[in-house]
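Here the protein sequences line up with chains P and F, keeping their order. Under this note's numbering, the first residue of the first sequence is numbered 1, with each subsequent residue one higher. Under this note's numbering, the first residue of the second sequence is numbered 1, with each subsequent residue one higher. Have a look at the structure below before the remarks.
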Amino acid sequence: MDKRSQNDEDVKALFEKFVNSEQAEQIEEDFLKAEQILRSCPAPGPDNEVTAGIKSQIAWALLDRKESASKRKALKAVAVAAAFIVIAALSVKLLEKQSQPQEIIYASIIPRAIWESEDIVSDDINLATLTAEIEQIKDEMLALQLGDYADNGSGAVEEIEMEFIEINSDFWKG
Amino acid sequence: MAKSEDLTRIITGCKKGNAECFSQLVDIYSRRCYGYFYRLTGRREISDDLLSELFVKLVEKIGSYKGGSFESWLFKIASNIFHDYLRSKQRYKKLLEVQKKQLESEVTEPKHREDDRADKLQKELGKLDADTRELIMLRFYSQLSFKEIAEMRSEPIGTTLSKLHRGVKRLRELME
Chain P
1 MDKRSQNDED
11 VKALFEKFVN
21 SEQAEQIEED
31 FLKAEQILRS
41 CPAPGPDNEV
51 TAGIKSQIAW
61 ALLDRKESAS
71 KRKALKAVAV
81 AAAFIVIAAL
91 SVKLLEKQSQ
101 PQEIIYASII
111 PRAIWESEDI
121 VSDDINLATL
131 TAEIEQIKDE
141 MLALQLGDYA
151 DNGSGAVEEI
161 EMEFIEINSD
171 FWKG
Chain F
1 MAKSEDLTRI
11 ITGCKKGNAE
21 CFSQLVDIYS
31 RRCYGYFYRL
41 TGRREISDDL
51 LSELFVKLVE
61 KIGSYKGGSF
71 ESWLFKIASN
81 IFHDYLRSKQ
91 RYKKLLEVQK
101 KQLESEVTEP
111 KHREDDRADK
121 LQKELGKLDA
131 DTRELIMLRF
141 YSQLSFKEIA
151 EMRSEPIGTT
161 LSKLHRGVKR
171 LRELME
């Protein structure tokens, strides 16, 4: 008789750790005999229909698994997107806080009182003089156009030109 | 039995969700697992159901197999499925007892089919206690080493050896 079990284990050697050699040999004999009995009375196997049914069940289970895996992936993607949006929103808020524009104080080179004043004469005498002279020229031009000047107006034009030159030089001189 | 490399390839395929690889696993292990269930339950229809449950469970759990003895892993699941069945059977029995009391009528479990009872070994196995019977079947059908069986049952190897020896000795006596 083959003294090794179907599992290729040395049963005697294993039992010798617990009992004496003679007893271990008897135990080994019992094991081998039991294996022989079990082999001589084989259990029935599954019907072909059963194994075919199992294979079909497995195919369905795999399909289910794939579907739920893709659902899980979609949910994961949604969760990641949501997390990204939240992080982005928080980052923007944080950046906004950090880079809030500093209050810029604008100052005009013209004193505020003058800028807001409508009394030009008192603010700038030169400007007032210029305005008055422009008004005067405007009146003289109007008189020329209406023929108020008897001598064909040539003298008046010269006079106006002279006035213009004078005003110009005065203005730039300040 | 499949060669180690073949089995590794098949398991890798199963982990990737390859139906053909699962089909190969069914071809390799269905007979042994069926034998295990049949010898423990003595009923073909129950063994059919438990075998189906085992392989469907395998689809769910294959990702958790991290190497080592595949047989040990597979039969651990088979053993758990058998224990779940026993628990549900106990619940069923309790329910029957309640109904029996309520209706004051005799309720008996379905009788075994004639062909299921014809097996002498099956009858004699019924004379062993459930734990010993399971241990012997685990050893014979899973072909696991004593050490692996002890680890699977979370008990010292001496305990496993002792229980197994008592069982096989009794079985030998009953069958001779």
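Ideal Cβ positions, reconstructed from N, Cα and C, are used throughout, including at glycine. The structure presented is a predicted model; accordingly, all values stated were derived computationally and were not measured.
{"Query": "Short Cβ contact (7 Å threshold) for residue 146(F) with residue 132(F)", "Result": "no"}
{"Query": "Residue range of the unbroken alpha helix (DSSP H) whose run includes residue 65(P)", "Result": "48–98"}
{"Query": "Residue 30(P) and residue 168(F) closer than 7 Å at C-beta", "Result": "yes"}
{"Query": "Simplified DSSP assignment, three categories, for residue 20(P)", "Result": "coil"}
{"Query": "Proximity test, Cβ basis, 7 Å: residue 57(P) and chain F", "Result": "yes"}
{"Query": "Helix, strand or coil at residue 128(F) [DSSP, three-state]", "Result": "coil"}
{"Query": "Residue 9(P): contacting residues in chain F (beta-carbon distance under 7 Å)", "Result": "145 and 146"}
{"Query": "Three-state class that DSSP yields for residue 153(F) in the structure shown", "Result": "coil"}
{"Query": "Touching by the beta-carbon criterion (3+ pairs, under 8 Å), the stretch 23–43 of chain P and the stretch 169–176 of chain F", "Result": "yes"}
{"Query": "Any chain P beta carbon closer than 7 Å to residue 83(F)", "Result": "no"}
{"Query": "Contact the stretch 34–54 of chain F vs the stretch 68–79 of chain F: 3+ CB pairs below 8 Å", "Result": "yes"}
{"Query": "Residue 19(F): contacting residues in chain P (beta-carbon distance under 7 Å)", "Result": "58, 59 and 62"}
{"Query": "Within-7 Å CB hit, residue 12(P) to chain F", "Result": "no"}
{"Query": "Enclosing alpha helix (DSSP H) for residue 24(F) [first to last residue]", "Result": "19–41"}
{"Query": "Option in 35(F), 33(F) and 65(F) with minimal Cα separation from residue 14(F)", "Result": "65(F)"}
{"Query": "Beta-carbon proximity list for residue 69(F), same chain, < 8 Å, skipping 5 on both sides", "Result": "144 and 148"}
{"Query": "Residue 162(P) - DSSP class collapsed to helix/strand/coil", "Result": "helix"}
{"Query": "Coil, strand or helix - residue 147(F) by DSSP", "Result": "helix"}
{"Query": "Distance CB(residue 140(P))-CB(residue 160(P)) smaller than 7 Å", "Result": "yes"}
{"Query": "DSSP three-state assignment for residue 69(F), whether helix, strand or coil", "Result": "coil"}
{"Query": "Residue 139(P), DSSP secondary structure in three states", "Result": "helix"}
{"Query": "CB contact below 7 Å: residue 34(P) versus chain F", "Result": "yes"}
{"Query": "Beta-carbon separation (whole angstroms), residue 45(P) vs residue 31(F), contact threshold 8 Å", "Result": "5 Å"}
{"Query": "Reduced DSSP category for residue 16(F) - H, G, I as helix; E, B as strand; rest coil", "Result": "coil"}
{"Query": "Nearest to residue 58(F) (by Cα), restricted to the options 139(F), 35(F) and 73(F)", "Result": "73(F)"}
{"Query": "Length of the line joining the Cα atoms of residue 72(P) and residue 90(P)", "Result": "27 Å"}
{"Query": "Near-chain P residues of the stretch 126–140 of chain F (beta-carbon distance less than 8 Å), N- to C-terminal order", "Result": "136, 139 and 140"}
{"Query": "Residue 12(P) versus residue 90(F) - alpha carbon distance", "Result": "39 Å"}
{"Query": "Residues of its chain near residue 20(P), where Cβ-Cβ distance is below 6 Å and the 5 sequence neighbours each way are ignored", "Result": "none"}
{"Query": "Extent of the continuous alpha helix (DSSP H) run through residue 9(P)", "Result": "Where residue 9(P) is concerned, there is no enclosing alpha helix (DSSP H), given that its DSSP letter is neither H nor E."}
{"Query": "Contact check, residue 135(F) vs residue 164(F), beta carbons under 7 Å", "Result": "yes"}
{"Query": "Residues in the stretch 68–79 of chain P having any Cβ partner in chain F nearer than 7 Å", "Result": "none"}
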